[in-house]
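Chains as they are written, first to last, in the working numbering: chain P, 1 to 790; chain F, 791 to 958. From the three backbone atoms N, C-alpha and C, an ideal C-beta is built for every residue, glycine too. Model, not experiment: these values are computed from the prediction. Since the structure comes first, as C-alpha cells, the remarks are kept for the end.
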Amino acid sequence: MTREPHLHRDGTWVGASVPRREDPRLLTGRGRFVDDIRLPGMLHAAFVRSTEAHARIASVDLSAVREVPGVVAAFSAADLGLHDIVALLDRPLHEFVPTAMPVLAKDKVRFVGEPIAIVVARDPYAAEDGREAAVVEYEPLPPITSDSAALAEGAALVHEEAPRNTLVDVSLFATEGIDEVFAAAHTVVEVRARTGRQNALPLETRGAVAEWDDRDEQLRVHTCTQVPHQVRTVLAASAGLDEKEVRVIVPDMGGGFGLKCVVGREEIATAAAALRLRKPVKWIEDRSEALTASFLAREQRYTVRAAFDADGRIQALDADVVCDMGAYSCYPFTAGIEPLMASAEMPGVYKVPAYRVRGRAVTTNKAPTAPYRGVSRPQYVMVMERVMEKAARALGIDPVELRRRNVITEFPYRGVNDVTYDPGSYKESLDLCEQVLRDEGWFDRRGSDPAIGIGFACFSERTGYGSGAFAQRKMAVVPGFDVSEIRMDLDGTVSVTTGTLSHGQSHETTMAQIVADRLGIPYDKVKIVQGDTDRVLYGWGSFASRSITIGGSAAAASAEKLGERLRVIAAHLMDVDVESTELDGAGGVRAGDRRLSFTEIAEVAYLRSHLLPKDVEPGLSATASFDVGGDGTFSNATHAAVVRLDPGTGGVEILRYVCVEDCGVAINPKVVEGQARGGIAQGIAGALFEEVRYDDAGQPLAASFMEYKVPTAAEIPDVRIEHLETPCAFTANGAKGAGEGGTIGAPAAVLNAVNDALRHTGVELDDTPIPREAIFRALERAAEPALEAR
Amino acid sequence: MIQLIELTVNGERHDLVVEPRRTLVDVLRHDLGLTGTHVGCEHGVCGACTVLVDGAPVRACLVFAVQCEKTDIRTVESLADADGTLSDLQQSFADHHGLQCGFCTPGMLMLAEGFLAEEPDATKEEIRDVVAANLCRCTGYQTIVEAVDACARRRRAARQEVLGRSAS
C-alpha cells in the first residue's frame with residue numbers, strides 16, 4: 001500500500017503530519033546505532049571503576065589484568081596522560097569555583113563508579129574478565145552524600161579548591177524593599193520541597209567506537225552524543241590532537257534527553273586507547289554503569305516564601321535553591337546548569353513584582369549531573385504550582401481562579417527576572433484545560449468521590465536560547481547560533497546540513513518540511529545531513545529545545561538564500577529582471593509565463609557554467625546562520641492530572657491527563673504530540689517512581705531496573721492533547737520549542753492532584769518522588785476517627 | 791571452552807562456534823550481524839532484545855545461544871518483505887507515531903507479533919498489559935498501544951472478510 005503524504009490545508013509541508021523519514025529503517029531493524037558498528041580487528045573496552053565513594057587512590061595495579069586471556073591492554077590515568085576536562089563560567093571565584101574532571105581518576109576517586117582504568121580485550125566478555133583482575137588500593141575519606149552534609153561546617157571536601165563543597169553560589173535580583181513587602185503582606189505561604197535524583201535514562205546507553213585512520217590522519221569516533229562538535233573539541237584538547245585530526249560521527253541514537261549533551265569521560269578514554277593501540281576500540285556502557293556512573297540530575301532542595309495580597313495576587317517571591325550536582329562539573333554547562341536555570345526562570349508565568357533568589361550548586365560523592373529534559377523547570381514549576389495551591393487554600397480562592405489572577409496576560413512582558421516574555425497563551429491554556437475537565441465531568445466525579453483529586457500546572461518554558469541568553473548566564477563557552485549549508489544537485493534534489501542533532505525528535509522529517517516549503521519541492525527531495533564534524537559546520541547539537549527554533553531557522557535561511565541564487569541564474573538565462581522572477585512552488589522559477597525548472601538551472605550551474613552570469617560562482621550552494629539576539633521564545637502549556645488514591649497501598653492511579661500546549665506553529669503536529677506524551681511520561685516518572693538513592697557510605701542503591709522503577713504502559717495514562725497556537729515572531733514559521741514541556745508540567749500536575757486528593761486528611765506533601773508510604777499513612781490516619789466513631 | 795551449535799534464525803540455518811556463556815542476543819547481533827535486535831539492560835527488564843523463539847516472545851539477553859538449538863528464532867529482520875515493504879504491524883507503528891528514537895521498537899514489534907499470533911482477539915486493555923512488559927522512554931506508550939490495537943483490528947476485519955466470503 002502506498003501512502004501519499006498529505007499537504008497541510010495551506011498547501012505547505014509545514015503543519016502537516018507527514019510520515020517520518022526515519023521510520024522505515026528503524027522499523028525494519030536497519031537503523032545503525034553505535035553498538036551496531038563493527039570494524040575489522042575491533043577490540044572491546046571495559047572500565048575498572050571505583051568501589052569507594054570518596055578515597056585517595058594509594059595504588060592501581062593492572063598487571064594481573066594484562067594476564068587475563070583475551071586482554072590486549074590496560075591503561076590507567078598515568079598510562080594515557082590525558083588532559084582533564086574543565087568546564088568554566090565567566091563568574092568571579094565567590095560565585096563559581098572551577099574544578100577539573102580527569103578522564104580517568106588520578107589521585108582521588110569521588111564517586112562509586114568513577115572510571116579508574118580502561119581494559120581492552122578481544123571481546124567484551126574478556127574485557128569484563130580483565131577488569132575483575134584489577135587491584136586498586138584506596139585510603140577512604142569521609143563520604144559526602146547529601147547537600148546538607150556537603151554544606152556542614154567542617155565537612156570533608158570533595159574538591160579541595162571548593163570550600164564548603166560549593167561550586168556555584170549566586171544571589172540574584174533582590175528587588176529593593178522585598179523584606180517590607182513580606183512584612184506587610186496579607187498572606188505568606190512557604191514551600192519546602194526536595195526532588196529526587198533521577199537518571200534521564202535513554203534506552204540506548206552511552207557508547208563509542210574509535211579508530212585511527214592513517215589515510216585521513218584522523219581519529220574517527222562514532223559516538224552517541226547530542227553535541228558532536230563539543231566532543232571533538234574536548235577530545236582534541238585532551239589527547240593533544242589538532243581539531244582537524246578528530247572526526248566525531250553520530251549514528252542513530254536511542255534517545256538522549258540531555259544525558260548525552262555533555263562530554264563524557266569514557267568516550268575520550270576509548271578514543272585514547274584506540275589512538276594508542278592503532279586499532280579500533282568499542283565501548284558500550286551497560287545498564288548498571290548507566291544507572292550508577294553516567295550523569296544524573298534533578299536532586300534539588302527548595303525553600304521558598306511567597307507573599308500574597310487579600311485578593312490572591314502574588315506580591316513577592318523569595319527562594320533558596322540548593323542543587324546536589326554530584327562529583328563533577330559537566331562540560332560545557334558546568335555545575336551551574338541547574339541552580340542558574342532555576343534562579344533565572346523561577347517566576348515563570350506569573351506577574352511577580354518582587355523577587356530574590358539564592359542558587360547554589362554543591363558537590364557530593366555521587367555520580368555527576370548533566371542537563372536532563374527541562375533542566376530545573378520540572379522542579380521550580382512544581383514548587384511555584386505548590387505556592388499557588390497553598391495560597392489558594394490559605395485565601396479560600398479556587399486554585400485555577402487564583403492562577404488566572406496572576407498569570408501574565410499582556411505581552412511582551414518584562415519580568416522581574418530581567419527576561420522579556422514573547423506572546424503566549426497562558427490564561428487561554430488555563431481556561432481551556434479547566435473547560436476540558438469540566439466537560440468530561442471530572443469536577444463532578446471529584447465532588448462525589450473523596451479519593452479523587454485534580455491538580456493543575458500552568459507554566460511556560462523558554463526555548464530557542466540564543467547566544468545572548470547563554471551569555472547572560474555567564475557561560476565561558478557560549479552556545480547559541482546554528483549554521484546550515486545547503487546544496488542543490490543536478491537533479492534538483494537538496495542536501496542541507498544542520499548543527500543540531502536529532503535523536504528521536506524526527507528532524508530528518510521536520511527540517512525537510514521546513515526546507516521543502518522554502519523551495520517548493522517535495523519534502524522527500526530534501527536530505528538532512530547531521531552528526532558528522534567533517535560534513536557539518538560547527539554547531540551546538542540538540543538540547544534546550546533549540547533544534548527547530550534555531551537549527552530550523554538556519555536551515556530555512558539557507559534555503560531562502562539558495563532560492564535567491566536560483567532566481568538570479570534563472571533571470572539571467574531568461575533575460576529578465578530578478579525582481580520579476582519567483583519560485584513557482586513546483587520545483588521551478590517563473591517570470592510571467594516563462595519558466596525554468598530547477599534541473600534546467602542546475603544543469604547550467606554545474607554542466608554549462610560558461611552560461612552563468614559573470615558574478616555568479618558555479619554550483620548551487622549557500623550557507624546561512626541563525627541566532628536569537630533577545631531572550632528566546634516561550635512555549636507554554638497547562639496540564640491537569642486527575643488521580644485516585646488507593647487507601648490500601650498509598651498508590652496513585654492517574655485517571656485522566658490533559659495537556660493544553662502552545663509551541664507556536666507546529667511543524668508536524670503528530671511529532672509535537674509525541675514529544676508532549678513522551679515528556680509527560682518522564683514527568684510522571686519523576687513525580688511517582690524514579691529515584692537514584694545512595695546509602696550513607698555513598699553506595700548507589702539503584703544499579704538495575706529492579707531498583708530503579710521506570711514506568712511502563714501500565715502506569716502511564718493516555719493523554720488528551722489540545723493545541724493553541726501563538727506564533728513566535730522571529731523564528732522560521734513561528735515555531736517554538738516543543739521538546740521539554742511535557743516533562744516540565746507533569747510533576748506539578750500530579751503532585752497537586754495527589755494533594756487535592758489528600759484534602760480531607762490535613763496532610764500536604766511537597767517532595768518527589770511522592771512517597772507512597774506518606775500517602776498511605778495520611779489516608780490511614782484520616783480514616784481512624786471514622787473507625788472510632790463506629 | 792567453546793561449543794559448536796546450529797541455530798535457525800529467520801528460516802536460515804547457521805553453524806556457529808560459541809562460548810557457552812554467550813547470550814543469544816550477542817550471537818544474533820555480533821556473530822550473525824542481525825543488529826536490529828537491541829540491548830537495553832541485559833537483565834531481562836526492558837525487553838529491547840525481545841525475539842520470537844518457537845513463536846513466543848523471549849528476552850534474548852536472558853538465554854544463552856546454546857539453549858536455542860533446534861528452535862525457530864525470529865527477529866525484527868523477518869517482518870518486512872524482501873523488497874522492504876513494511877508488514878502491517880510495522881506500518882501501523884509508522885501510522886500511529888509509535889516510535890521516536892526507534893531503540894525499543896524491534897522489541898516492541900516482536901512482543902506484539904508473538905502476542906497477537908497467540909491472542910488475535912485481544913482487547914486494547916489486554917494489549918496495554920502486554921506492552922507493559924517492555925520499556926519505551928520516548929513515546930509514553932499510548933501510540934504503541936494504539937498501533938498494536940489498530941493492527942489487531944485490521945487483521946480481525948480481514949479474517950472476518952475471508953470467513954464471510956467462504957460462508958457465502
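Residue i versus residue j - alpha carbon distance
{"i": "LEU876(F)", "j": "ASP885(F)", "result": "11 Å"}
{"i": "PHE883(F)", "j": "ARG803(F)", "result": "30 Å"}
{"i": "ILE37(P)", "j": "VAL209(P)", "result": "7 Å"}
{"i": "ARG278(P)", "j": "GLU211(P)", "result": "7 Å"}
{"i": "CYS894(F)", "j": "THR827(F)", "result": "9 Å"}
{"i": "THR2(P)", "j": "GLY874(F)", "result": "Confidence is the limiting factor: at THR2(P) the pLDDT is only 37, short of 50, which leaves the residue's position unreliable, though a coordinate-based value still follows. Their backbone Cα atoms lie some 12 Å apart in a straight line."}
{"i": "GLU161(P)", "j": "GLU22(P)", "result": "47 Å"}
{"i": "LYS860(F)", "j": "SER868(F)", "result": "18 Å"}
{"i": "GLU773(P)", "j": "THR420(P)", "result": "42 Å"}
{"i": "GLY796(P)", "j": "TRP13(P)", "result": "This structure gives no information on residue 796(P), because the portion of chain P shown stretches from 1 to 790."}
{"i": "GLY541(P)", "j": "GLY619(P)", "result": "28 Å"}
{"i": "LEU573(P)", "j": "ASP482(P)", "result": "34 Å"}
{"i": "GLU915(F)", "j": "GLU299(P)", "result": "35 Å"}
Partner residues on chain F for residue i, Cβ-Cβ distance less than 8 Å
{"i": "LYS670(P)", "result": "HIS887"}
{"i": "LEU39(P)", "result": "By Cβ distance, chain F contributes nothing, its closest Cβ being about 12 Å from LEU39(P), past 8 Å."}
{"i": "SER704(P)", "result": "CYS831, HIS833, VAL835"}
Chain P contact residues for residue i, given Cβ-Cβ distances below 9 Å
{"i": "GLU867(F)", "result": "THR28, GLY29, ARG30"}
Own chain residues within Cβ distance below 6 Å of residue i, not counting five before or after
{"i": "ARG811(P)", "result": "Outside the modelled stretch of chain P, which goes from 1 to 790, sits residue 811(P), for which no answer is possible."}
{"i": "ALA738(P)", "result": "CYS663, VAL672, GLN675"}
{"i": "ALA310(P)", "result": "HIS186"}
{"i": "ARG20(P)", "result": "SER506, THR509"}
{"i": "TYR606(P)", "result": "LEU490"}
{"i": "LEU611(P)", "result": "VAL604"}
Interface residues of chain P facing residue i [CB-CB closer than 8 Å]
{"i": "PHE883(F)", "result": "ASP23, LEU27"}
{"i": "LEU876(F)", "result": "PRO24, LEU27, THR28"}
{"i": "THR825(F)", "result": "GLY29, ARG32, PHE33, ASP35, ASP36"}
Cβ-based neighbour list, residue i, same chain, cut-off 7 Å, excluding 5 preceding and 5 following
{"i": "GLY679(P)", "result": "ARG373, GLU740, GLY741, GLY742, THR743"}
{"i": "LEU259(P)", "result": "ALA200, PRO202, SER294, PHE295, ALA370, TYR372"}
{"i": "ARG49(P)", "result": "GLY113, GLU114, PRO115, ILE116, ALA293"}
{"i": "GLY520(P)", "result": "LEU583, ASP584, GLY585, ALA586, GLY587"}
{"i": "ARG232(P)", "result": "GLU243, VAL246, VAL248, THR533"}
{"i": "VAL383(P)", "result": "VAL191, ALA193, TYR302, VAL304"}
Chain P residues whose Cβ lies nearer than 7 Å to that of residue i
{"i": "PRO896(F)", "result": "GLY29"}
{"i": "ALA870(F)", "result": "THR28"}
Endpoints, the beta strand (DSSP E) within which residue i is located
{"i": "GLY207(P)", "result": "207-213"}
{"i": "ASN636(P)", "result": "633-645"}
{"i": "TRP13(P)", "result": "It is not in any beta strand (DSSP E) - TRP13(P) carries neither H nor E in the DSSP assignment."}
{"i": "LYS860(F)", "result": "LYS860(F) -> no beta strand (DSSP E), and no H or E assigned at all."}
{"i": "PRO142(P)", "result": "Counting along the chain, PRO142(P) falls outside any beta strand (DSSP E), and DSSP gives it neither H nor E."}
{"i": "SER609(P)", "result": "Run containing SER609(P): none; DSSP gives neither H nor E here."}
{"i": "ARG192(P)", "result": "187-195"}
{"i": "ASP805(F)", "result": "802-808"}
{"i": "ASP324(P)", "result": "314-324"}
Cutoff 8 Å; reference residue i; Cβ partners in own chain excluding five residues on either side
{"i": "LEU167(P)", "result": "PHE96, VAL97, THR99, HIS159, MET325, SER329, THR334, ALA335, GLY336, ALA361, VAL362, THR363"}
{"i": "LEU906(F)", "result": "LEU879, ALA912, VAL938, CYS941, ALA942, ARG945"}
Chain-ordered chain F contacts of residue i [CB-CB under 7 Å]
{"i": "PHE96(P)", "result": "Neighbours of PHE96(P) on chain F: none; closest Cβ ~32 Å, over 7 Å."}
{"i": "ILE716(P)", "result": "GLY930, TYR931"}
{"i": "ILE680(P)", "result": "GLY930"}
Contact set between residue i and chain F, taken where Cβ atoms lie within less than 9 Å
{"i": "ASP252(P)", "result": "CYS891, GLY892, PHE893"}
{"i": "TYR125(P)", "result": "GLU809, ARG811, ARG812, ASP816"}
{"i": "THR712(P)", "result": "VAL921, ALA922, ALA923, ASN924, LEU925, CYS926, TYR931"}
Residue i CB to nearest heavy atom of the ligand NAD below 7 Å
{"i": "LEU340(P)", "result": "No copy of the ligand NAD occurs in the structure displayed, which carries no ligand at all."}
Endpoints, the alpha helix (DSSP H) within which residue i is located
{"i": "TYR380(P)", "result": "377-395"}
{"i": "ILE934(F)", "result": "932-957"}
{"i": "ARG473(P)", "result": "Where ARG473(P) is concerned, there is no enclosing alpha helix (DSSP H), given that its DSSP letter is neither H nor E."}
Any C-beta of chain P within less than 8 Å: which residues of the segment 918-947 of chain F qualify?
Cβ contacts with chain P: ARG918, ASP919, VAL921, ALA922, ALA923, ASN924, LEU925, CYS926, ARG927, CYS928, THR929, GLY930, TYR931, GLN932, THR933, ILE934, VAL935.
Check distances from the C-beta atoms of the segment 490-520 of chain P to those of chain F and list, in chain order, the residues that come in under 8 Å.
So the close ones are HIS503, GLY504, GLN505, SER506.
Using a Cβ cut-off of 7 Å, which residues of the segment 279-301 of chain P contact any Cβ in chain F, in chain order?
For the segment 279-301 of chain P, the residues whose beta carbon sits under 7 Å from a beta carbon of chain F are, in order, ASP286, ARG287.
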